[in-house]
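Protein chains in written order, with the numbering used here: chain S, 1 to 227; chain C, 228 to 454; chain F, 455 to 681; chain D, 682 to 908. Take a look at the structure below.
Number of protein chains: 4
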Amino acid sequence: MAVPVPPHAPAAQGERSREEILDAAERLMGTRGYAATSISLLAKASGLPPSSIYWHFGSKSGLLGAVMQRGARRFFAAATPDPPASPPEPRERLALLVGRVVSGMREHPRFLRLVAFLLLGGDGGHDQHEAVAGVRAEARGLVRRGLLWAYLPWGEPLARRVADELTDTAQALFDGLFLTTAGGTPSAAVARDVEAALHALAEQVRDGPERSGGPAVSAGLSPRGGC
Amino acid sequence: MAVPVPPHAPAAQGERSREEILDAAERLMGTRGYAATSISLLAKASGLPPSSIYWHFGSKSGLLGAVMQRGARRFFAAATPDPPASPPEPRERLALLVGRVVSGMREHPRFLRLVAFLLLGGDGGHDQHEAVAGVRAEARGLVRRGLLWAYLPWGEPLARRVADELTDTAQALFDGLFLTTAGGTPSAAVARDVEAALHALAEQVRDGPERSGGPAVSAGLSPRGGC
Amino acid sequence: MAVPVPPHAPAAQGERSREEILDAAERLMGTRGYAATSISLLAKASGLPPSSIYWHFGSKSGLLGAVMQRGARRFFAAATPDPPASPPEPRERLALLVGRVVSGMREHPRFLRLVAFLLLGGDGGHDQHEAVAGVRAEARGLVRRGLLWAYLPWGEPLARRVADELTDTAQALFDGLFLTTAGGTPSAAVARDVEAALHALAEQVRDGPERSGGPAVSAGLSPRGGC
Amino acid sequence: MAVPVPPHAPAAQGERSREEILDAAERLMGTRGYAATSISLLAKASGLPPSSIYWHFGSKSGLLGAVMQRGARRFFAAATPDPPASPPEPRERLALLVGRVVSGMREHPRFLRLVAFLLLGGDGGHDQHEAVAGVRAEARGLVRRGLLWAYLPWGEPLARRVADELTDTAQALFDGLFLTTAGGTPSAAVARDVEAALHALAEQVRDGPERSGGPAVSAGLSPRGGC
DNA sequence: AATGAATGAGCATTCATTCAT
DNA sequence: CATGAATGAATGCTCATTCAT
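What follows is the structure, given as structure tokens:
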């Protein structure tokens with residue numbers, strides 16, 4: 001006897017199809033890039049016809065949007081440090097932060113590769129540009145909050161200075177950690193160096209407050225000269 | 228009987244067409260990625276018909292190969308430090324090294340973006356995988372020689388240790404410096420931090436010879452250590 | 455056991471949906487043609503899902519049939535002259551006839567455009583060809599009865615001759631009046647001329663009984679006669 | 682031995698393909714309408730693959746444009762009366778005019794049906810709307826010049842008045858002549874009546890100069906009343 | 001050295017339609 | 001009555017590539 005489906009279990013089969021398509025899309029787009037992943041390839045990989053993909057997501061870029069949304073939710077859940085674990089030392093806290101980011105990379109490599117593809121590719125419509133920008137901004141926030149929390153034992157004003165001055169660089173170091181292995185498992189040695197480097201930079205921020213006139217040389221950045 | 232024109236008399240018009248195609252390809256492939264750059268788009272951008280592109284390069288991946296070859300030659304020429312400038316201090320030498328890499332990034336962003344696309348993308352045939360691997364290896368060599376030269380003032384054995392232990396990390400930091408701006412002009416502040424970070428790591432190599440058991444914590448990287 | 459709702463209790467909501475679909479279909483098919491009007495467009499326009507359209511009409515051509523039926527009923531109701539108004543003069547009666555046809559055109563332009571589309575298009579299945587033929591035949595009957603009534607003051611035998619000889623031409627003139635503005639409001643000036651032309655032709659029928667050998671010349675229509 | 686093709690015989694095969702595609706398109710679009718004629722149908726009918734159609738015409742609407750252009754050129758060549766034949770009597774001249782129009786209809790029915798389709802269909806992009814408007818305007822010019830020439834024996838001022846007042850109506854009558862048979866061979870009887878009707882209207886223009894207050898009644902055009 | 005013309009495979013997308021609920 | 005979900009076939013169009021000239 002046909003029992004009417006209760007509204008809170010909405011069309012179980014439809015939801016399952018949707019997830020299967022999203023899985024296939026994350027896997028393939030994160031492997032080959034957005035442009036190189038055709039709808040018919042996704043159809044083959046998900047076992048559903050192209051028209052079903054369109055029924056669920058409306059368009060290829062709509063599918064991309066859904067992949068990004070779900071991927072971002074999952075990645076940030078994996079990369080955000082658990083509040084309970086709070087060692088007293090900044091160095092250990094930093095290690096915890098780096099560890100969570102690295103484990104996020106290890107658990108969601110395909111999503112991050114897709115983000116990298118989109119970050120590089122200037123072709124996509126502007127909604128996907130927006131989606132990427134959103135993810136990047138959220139990641140930046142995560143890094144910033146992480147630094148703030150890591151260096152809170154040094155006192156809040158200093159922690160804030162560290163976060164202000166190192167967020168961009170930290171994000172860049174994480175990007176590099178990811179890109180060097182092209183989205184494979186990040187190298188433990190490099191991760192260790194990244195951690196050490198960040199801590200060294202934090203100590204420089206703590207010890208030498210004069211930032212813009214510091215000892216950095218970097219010839220070639222300014223129109224040749226120094227500083 | 229049509230004798231193929233000998234290479235030392237390069238039939239000016241033909242050579243010019245070839246360069247125009249390469250320019251368009253570097254620009255477009257470095258902007259939109261390889262897969263998203265069609266031959267007919269290249270034809271429109273270069274002003275020559277598709278068949279001419281095939282006459283010059285044989286296939287789309289042949290064109291990619293030529294773009295990579297020319298791009299690599301140019302990039303490494305721009306990123307290799309001039310031998311004459313040799314300041315006495317490692318820190319200054321490092322600054323010079325970073326400066327050259329950054330100026331290579333600034334002058335050839337499209338080529339580097341293309342490399343990044345190919346590094347991420349598993350789609351290309353294995354020729355292009357080879358080409359990318361070659362470029363990466365060459366870049367690694369450049370970084371290694373750069374570090375060796377920078378820290379030579381500390382004595383060759385130590386310089387060699389620094390190079391051995393920091394090459395991968397240095398390359399990762401450069402990758403991050405590039406990816407953070409997605410191939411736009413690299414941030415001067417981040418470049419400065421990268422430089423400072425590398426130097427700090429070098430000092431750690433110099434001061435604490437015990438590497439693997441050092442103070443690094445990085446929970447989650449080793450088969451679960453901290454946290 | 456689900457008993458089909460008896461027709462005299464038409465389940466208000468269902469009837470309303472049906473009418474909304476018919477409205478959207480008449481509007482869209484009469485604007486863009488049958489082939490260019492898709493079910494999903496109709497769904498969007500009517501606010502009901504495609505499956506509901508199928509529930510009500512069974513198929514796209516079933517929907518067309520229903521549109522034609524309702525449209526024909528409405529159009530002929532609007533175009534049939536009221537019996538009460540019966541001026542004594544043929545000319546005035548003719549004016550009344552033309553007026554009603556024109557007002558039918560003004561009130562149901564979309565239906566007539568759809569008829570014209572189907573009249574021109576050989577694509578539709580033969581049901582719709584039949585439907586169109588039915589509408590055309592009914593229209594012809596209307597015109598014929600109208601002419602008969604208009605020229606009854608001249609005596610029935612003559613009125614019958616006028617109707618016999620002018621029905622086709624009158625229908626053609628009405629067609630032209632409609633097509634010239636492509637289904638917009640018919641031009642009042644042209645309508646006046648059509649009326650005058652029909653009356654002049656009727657007078658010719660009255661005055662010169664010799665039809666086939668009359669003064670008409672029309673080179674090129676008979677198997678080459680003049681020119 | 683391969684002789685280079687002289688430039689004035691440009692790619693004979695290409696031109697032939699182009700014409701074959703145009704032939705198939707005129708035939709099919711003029712039979713089923715623009716929307717109902719798919720590219721793959723055209724490919725089957727012309728013997729060339731869809732991609733070749735795109736090579737020659739760029740898009741479906743580009744093909745439509747080419748069909749319209751060629752069709753208009755041919756139709757107007759067929760429908761324009763030869764200057765040499767100039768009988769003295771207006772009635773005979775009118776017969777000649779009608780005859781040419783009718784023979785244009787007989788020789789190019791498919792083109793005219795396509796025009797009618799486009800005239801009715803509000804969906805097409807605005808370039809096709811433009812093309813249709815152009816054809817309609819050119820046809821109007823043809824009718825106007827034809828009337829002027831036909832009634833020149835009555836003196837130029839009168840001929841000009843006839844043309845001014847009857848061009849729209851004449852075009853409508855021709856439209857009706859065409860639409861009644863839906864683009865089949867126009868009925869000779871109706872054509873004869875159209876000719877007679879036009880002449881009768883011309884005589885009314887000649888005899889009664891007061892146009893706007895004339896004997897036309899057409900109830901229903903003005904907001905009910907008369908005139 | 002170059003190109004106009006062609007082509008089969010594939011693209012993203014929409015089609016009319018069905019059916020379990 | 002109504003609808004969410006699905007589907008195979010077709011849509012207009014672009015793809016990388018070839019080849020005679």
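Backbone N, C-alpha and C fix where the C-beta goes; we use that ideal spot for every residue, glycine too.
Inset, instruction - Compare the Cα-Cα distances from C/ARG301 to each of C/PHE284, C/GLY260, C/SER244 and C/GLU253 and report the closest residue. - result: Here residue 301 of chain C refers to the residue found at position 74 when the second sequence is read from its first residue. Comparing Cα positions, the closest option is C/GLU253.
Inset, instruction - For S/VAL115, decide whether its Cβ has a neighbour in chain C, counting only Cβ atoms nearer than 8 Å. - result: Looking up residue 115 of chain S in the first sequence gives position 115. Not one chain C Cβ lies under 8 Å of S/VAL115.
Legend entry - Contact belief for C/ALA427 with S/ALA191 at Cβ below 8 Å, rounded distance in angstroms: Your numbering for residue 427 of chain C matches position 200 in the second sequence. Your numbering for residue 191 of chain S matches position 191 in the first sequence. The pair is not a contact, with the Cβ atoms about 16 Å apart (cut-off 8 Å).
Inset, instruction - State the Cα-Cα distance for the pair F/TYR488 and F/GLU592, rounded to the nearest angstrom. - result: Locating residue 488 of chain F in the third sequence gives position 34, counting from the first residue. Locating residue 592 of chain F in the third sequence gives position 138, counting from the first residue. In this structure, the CA atom of F/TYR488 is about 21 Å from the CA atom of F/GLU592.
Inset, instruction - Note down, in chain order, every chain F residue with its Cβ under 9 Å from the Cβ of D/ASP888. - result: Locating residue 888 of chain D in the fourth sequence gives position 207, where the first residue counts as 1. Simply none; closest approach about 12 Å.
Legend entry - Residues near C/PRO413 in its chain [Cβ-Cβ closer than 6 Å; skip 5 each side]: Indexing the second sequence from 1 puts residue 413 of chain C at position 186. VAL329, MET332 and LEU404.
Legend entry - F/ARG655: contacting residues in chain D (beta-carbon distance under 8 Å): Your numbering for residue 655 of chain F matches position 201 in the third sequence. In the sequence under discussion, the amino acid at residue 655 of chain F is Leu, which differs from the Arg named in the question. Those within 8 Å of F/LEU655 in chain D are ASP874, ALA877, ALA878 and ALA881.
Inset, instruction - Return no unless some Cβ of chain C is closer than 8 Å to the Cβ of S/SER59. - result: Here residue 59 of chain S refers to the residue found at position 59 of the first sequence. Under the 8 Å criterion on CB atoms, S/SER59 is classed as non-interfacial with respect to chain C.
Legend entry - Spatial distance of F/SER483 from F/THR621 (CA atoms): Sequence index remark: in the third sequence, residue 483 of chain F carries index 29 (1-based). Sequence index remark: in the third sequence, residue 621 of chain F carries index 167 (1-based). For the record, residue 483 of chain F in the displayed sequence is Met; it is not Ser. Near 29 Å, if we compare the C-alpha coordinates of F/THR621 and F/MET483.
Inset, instruction - Name the two residues that bound the continuous alpha helix (DSSP H) containing C/ASP395. - result: As a first step, residue 395 of chain C is located in the second sequence; it is residue number 168 there, counting from the start. Here the alpha helix (DSSP H) through C/ASP395 covers 383-407.
Legend entry - Three-state secondary structure (DSSP) of C/GLU319: Mapped onto the second sequence, residue 319 of chain C falls at position 92. It is helical.
Inset, instruction - Alpha carbon to alpha carbon, how far is S/SER40 from C/ARG320? Give it in angstroms, no decimals. - result: Here residue 320 of chain C refers to the residue found at position 93 when the second sequence is read from its first residue. Here residue 40 of chain S refers to the residue found at position 40 when the first sequence is read from its first residue. Straight-line Cα distance between these residues: approximately 53 Å.
Inset, instruction - Excluding the 5 residues preceding and the 5 following F/ALA617 in the sequence, name in chain order all residues of the same chain whose CB lies nearer than 6 Å to its CB. - result: Locating residue 617 of chain F in the third sequence gives position 163, counting from the first residue. Closer than 6 Å at the Cβ level, and outside the excluded window around F/ALA617, lie ARG598, LEU601 and LEU602.
Legend entry - Simplified DSSP assignment, three categories, for D/PRO834: Residue mapping note: residue 834 of chain D aligns to position 153 of the fourth sequence, counting from 1. In this structure, D/PRO834 counts as helix in the three-state DSSP scheme.
Inset, instruction - Please name the residue, chosen from S/HIS56, S/VAL98, S/ARG136 and S/HIS126, that lies closest to S/VAL115 on a Cα-to-Cα basis. - result: Start at 1 with the first residue of the first sequence, and residue 115 of chain S comes out as number 115. Residue S/ARG136 is the option with its Cα nearest to S/VAL115.
Inset, instruction - In the DSSP assignment, find the unbroken alpha helix (DSSP H) run with C/THR258 in it and report its ends. - result: Locating residue 258 of chain C in the second sequence gives position 31, where the first residue counts as 1. Per DSSP, C/THR258 belongs to the alpha helix (DSSP H) from 239-259.
Legend entry - DSSP-derived helix/strand/coil call for D/SER767: Here residue 767 of chain D refers to the residue found at position 86 when the fourth sequence is read from its first residue. Three-state DSSP puts D/SER767 in coil, outside helix and strand.
Inset, instruction - Go through its chain and collect everything with a Cβ distance to C/PRO450's Cβ below 8 Å, but skip five positions before and after it. - result: Working through the second sequence from its first residue, we reach residue 450 of chain C at position 223. Unreliable placement is indicated for C/PRO450, whose pLDDT of 38 sits below 50; the coordinate value is still reported in the next sentence. Cβ neighbours of C/PRO450 beyond the five flanking positions: none.
Legend entry - Cβ-based burial, C/GLN431 [other Cβ within 10 Å; buried from 16]: Here residue 431 of chain C corresponds to residue number 204 of the second sequence, with the count starting at 1. Label assigned to C/GLN431: buried.
Inset, instruction - Grab me the residues of S/LEU63's own chain with a C-beta within less than 6 Å of its C-beta, minus the 5 sequence neighbours each way, in chain order. - result: Indexing the first sequence from 1 puts residue 63 of chain S at position 63. Taken in chain order, the residues that qualify are ALA25 and PHE57.
Legend entry - Pair within 8 Å by beta-carbon distance, S/GLU15 and S/LEU48: Walking along the first sequence from the start, residue 15 of chain S turns up at place 15. Walking along the first sequence from the start, residue 48 of chain S turns up at place 48. For S/GLU15 and S/LEU48, no; Cβs fall outside 8 Å.
Inset, instruction - Classify S/GLN171 as buried or exposed, calling it buried when 16 or more other Cβ atoms lie within 10 Å of its own Cβ. - result: In the first sequence, residue 171 of chain S corresponds to position 171, counting from 1. So S/GLN171 ends up on the buried side.
Legend entry - Positions along the segment 711-722 of chain D whose CB lies within less than 7 Å of some CB in chain F: THR712, ARG713, GLY714, ALA716 and ALA717
Legend entry - Below-8 Å beta-carbon distance, C/ASP402 vs any chain S residue: The residue given as residue 402 of chain C occupies position 175 in the second sequence. The beta carbon of C/ASP402 sits closer than 8 Å to some beta carbon of chain S.
Legend entry - chain F contact for D/VAL871 (CB, 8 Å cutoff): If you number the fourth sequence from 1, residue 871 of chain D lands on position 190. Closer than 8 Å: yes.
Inset, instruction - Would you tell me roughly how many angstroms separate the C-alpha atoms of S/LEU142 and C/LEU269, rounded to the nearest one? - result: Taking the first sequence and counting its residues from 1, the one referred to as residue 142 of chain S is at position 142. Taking the second sequence and counting its residues from 1, the one referred to as residue 269 of chain C is at position 42. So the two alpha carbons sit approximately 41 Å from each other.
Inset, instruction - Under the assumption that C/PRO488 contacts C/GLU316 (Cβ atoms under 8 Å), give the Cβ distance between them as a whole number of angstroms. - result: Since the displayed chain C opens at 228 and closes at 454, residue 488 of chain C lies outside it and no answer follows.
Legend entry - Within-8 Å CB hit, C/GLN355 to chain S: In the second sequence, residue 355 of chain C corresponds to position 128, counting from 1. No, its Cβ sits nowhere closer than 8 Å to a Cβ of chain S.
Inset, instruction - Pick helix, strand or coil for F/GLY575, following the three-state DSSP scheme. - result: For the purposes of this step, residue 575 of chain F is identified with residue 121 of the third sequence, where counting begins at 1. F/GLY575 falls in the coil class under three-state DSSP.
Inset, instruction - Could you tell me if S/SER46 is buried or exposed, where buried requires 16 or more neighbouring beta carbons within 10 angstroms of its beta carbon? - result: On the first sequence, residue 46 of chain S is found 46 positions in, with the first residue counted as 1. It counts as buried.
Legend entry - Segment limits, alpha helix (DSSP H) that includes F/HIS653: Translated into the one-based positions of the third sequence, residue 653 of chain F becomes position 199. Counting along the chain, the alpha helix (DSSP H) containing F/HIS653 begins and ends at 642-661.
Inset, instruction - Measure the Cβ-Cβ separation of S/ALA182 and C/LEU346 and say whether it is below 8 Å. - result: Taking the first residue of the first sequence as 1, we reach residue 182 of chain S at position 182. Taking the first residue of the second sequence as 1, we reach residue 346 of chain C at position 119. It is a contact, given that the beta carbons lie within the stated cut-off.
Inset, instruction - In angstroms with no decimal places, state the Cα-to-Cα distance between D/ALA831 and D/LEU778. - result: Counted from its first residue, the fourth sequence places residue 831 of chain D at position 150. Counted from its first residue, the fourth sequence places residue 778 of chain D at position 97. Spanning the two alpha carbons is a distance of roughly 8 Å.
Legend entry - chain C contact residues for S/LEU22, given Cβ-Cβ distances below 9 Å: In the first sequence, the residue the question calls residue 22 of chain S occupies position 22. By Cβ distance, chain C contributes nothing, its closest Cβ being about 20 Å from S/LEU22, past 9 Å.
Inset, instruction - State the Cα-Cα distance for the pair S/ARG70 and S/LEU198, rounded to the nearest angstrom. - result: Translated into positions along the first sequence, residue 70 of chain S becomes position 70. Translated into positions along the first sequence, residue 198 of chain S becomes position 198. Taking the straight line joining both Cα atoms gives about 30 Å.
Legend entry - Beta-carbon proximity check, S/ALA36 vs C/GLY292, cutoff 8 Å: Your numbering for residue 36 of chain S matches position 36 in the first sequence. Your numbering for residue 292 of chain C matches position 65 in the second sequence. Between S/ALA36 and C/GLY292, the C-beta spacing is not below 8 Å.
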